[in-house]
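Asker: Residue 249, in the UniProt record's numbering, is where the sequence shown stops; the numbers in between run on with no holes. Every residue, glycine too, gets a C-beta built ideally from N, C-alpha and C.
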Amino acid sequence: MIKFFRKIRYDLMGENKTGKYLKYAFGEIVLVVIGILIALSINNWNETRKLELKKQELILNLIDDFQENIVQLKPAIVKSDSLSYKMNTFFDNAYLSNLKISIDSLKVLNDGFFRPVYFFPSMVSYDEAKANGNLTILKNKELFKNFLQFQQAYITFRNFQDQGRESFFKGPTWELKKTIGSLSLLRGGKKRNYIKNIDEVSYIKLINLTIATAAFENQYTINRNTYEMLKEMDLISKNIVKSLTELKK
């Protein structure tokens, strides 16, 4: 092809047809420019296509992660809500002048104060995309805002968990354990052999100790705050999945 155009150019020069030669040369330049533009367009199209494929893969991975979070949050929310119900029922009955339920029932309810709630989010795809800079290809400010909100809610959730752990080992719950010897005296369930059951009068005295009520109130507050964060993470996860689904092609 190059030889063909070169022959035409030489023939025009040999025939001294300068005007025609200039027109031909100009046309040849135009063709070269068009060829370059076409090549660039094809290259840009390929790059855009590769970027879109990467974007869609990231979207699918993120959807999987946050759908898994929704699945894992459900039992955590149910457990936290159940613990709150136990605690509230304990408060409603334990301090009545005339008990309407048995001591054994109170012990079962009291067990709710000392049960932690766990949740570990699935963030592998998000963390990976954030580390390598691929999150930017999503180009969705609302989505970025939701990601940040989820992280903040999880950090707050972990802080409440840490408070519960701290209370158990050196806070109000720890002080209660030191005072009465073992939390098993207050709770239902299986006990170690050396721990004996106590009568109704002794139990009422235990739960009315200032350190006991302080420990109960502290654990109740921690659980309620934990519940709120779990609910918030669930809502944010659903919003993220919805936004990602709208971006999916």
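Identify, in the order they occur along the chain, each residue of the same chain with its Cβ nearer than 8 Å to the Cβ of I59, setting aside the five sequence neighbours on each side.
Answerer: So the qualifying residues of the chain are L138, L244, L247 and K248.
Asker: Give the C-beta separation of E68 and S122 to the nearest angstrom, bearing in mind that I take them to be a contact with Cβ-Cβ under 8 Å.
Answerer: E68 to S122, Cβ: 4 Å. Contact.
Asker: Are the CB atoms of T179 and L209 nearer to each other than 8 Å?
Answerer: Against a cut-off of 8 Å, the Cβ pair of L209 and T179 comes out as a contact.
Asker: Would you report the Cα separation of residue 325 and N197, rounded to the nearest angstrom?
Answerer: Residue 325 is absent from the model: the chain starts at 1 and stops at 249.
Asker: Any chance the CB of N93 is under 7 Å from a heavy atom of the ligand GDP?
Answerer: Absent from the structure shown: the ligand GDP. Ligands present: none.
Asker: Can you give the Cα-Cα distance for L109 and K74, rounded to whole angstroms?
Answerer: If I take the Cα positions, the gap works out to 22 Å.
Asker: In whole angstroms, what separates the C-alpha of N223 from that of K50?
Answerer: Between N223 and K50, the C-alpha separation is close to 47 Å.
Asker: Classify S237: buried if its beta carbon has 16 or more other beta carbons within 10 angstroms, exposed otherwise.
Answerer: So S237 counts as buried.
Asker: Taking the continuous alpha helix (DSSP H) assigned at K100, which residues delimit it?
Answerer: Element bounds for K100: n/a, residue is neither H nor E.
Asker: By alpha-carbon positions, which one of Q72, S167, D111 and I103 ends up nearest to M87?
Answerer: Answer by Cα proximity: D111.
Asker: Label T226 either buried or exposed according to how many other C-beta atoms from any shown protein chain fall within 10 Å of its C-beta, with 16 as the threshold for buried.
Answerer: Counting Cβ neighbours within 10 Å, T226 comes out buried, since at least 16 surround it.
Asker: Below 6 Å CB to CB, which residues in the same chain sit around I240 once its five sequence neighbours on both sides are set aside?
Answerer: Closer than 6 Å at Cβ, skipping near neighbours: F66 and N146.
Asker: Exposed or buried, which one is N193 when buried takes at least 16 other CB atoms within 10 Å?
Answerer: Confidence in N193 is poor, its pLDDT being 47 and thus under 50, which makes the residue's placement too unreliable to answer from.
Asker: Cα separation between M233 and Q161?
Answerer: When rounded, the distance between both Cα atoms is 15 Å.
Asker: Indicate the three-state DSSP secondary structure (helix, strand or coil) for R187 in the structure shown.
Answerer: Note: R187 maps to coil in three-state DSSP.
Asker: Sort S184, K55, S82 and M229 by Cα distance to N140 and report the nearest one.
Answerer: The shortest C-alpha separation from N140 is found at K55.
Asker: Can you check which of these residues, N61, P116 and Y95, is closest to L83 by C-alpha distance?
Answerer: The option with the nearest alpha carbon to L83 is P116.
Asker: Nearest by alpha-carbon distance to F144: which of N98, E52, K170 and L62 is it?
Answerer: Closest option to F144, Cα to Cα, is L62.
Asker: Could you check the C-alpha separation between F91 and S182 for me, to the nearest Å?
Answerer: Cα-Cα distance, rounded: 21 Å.
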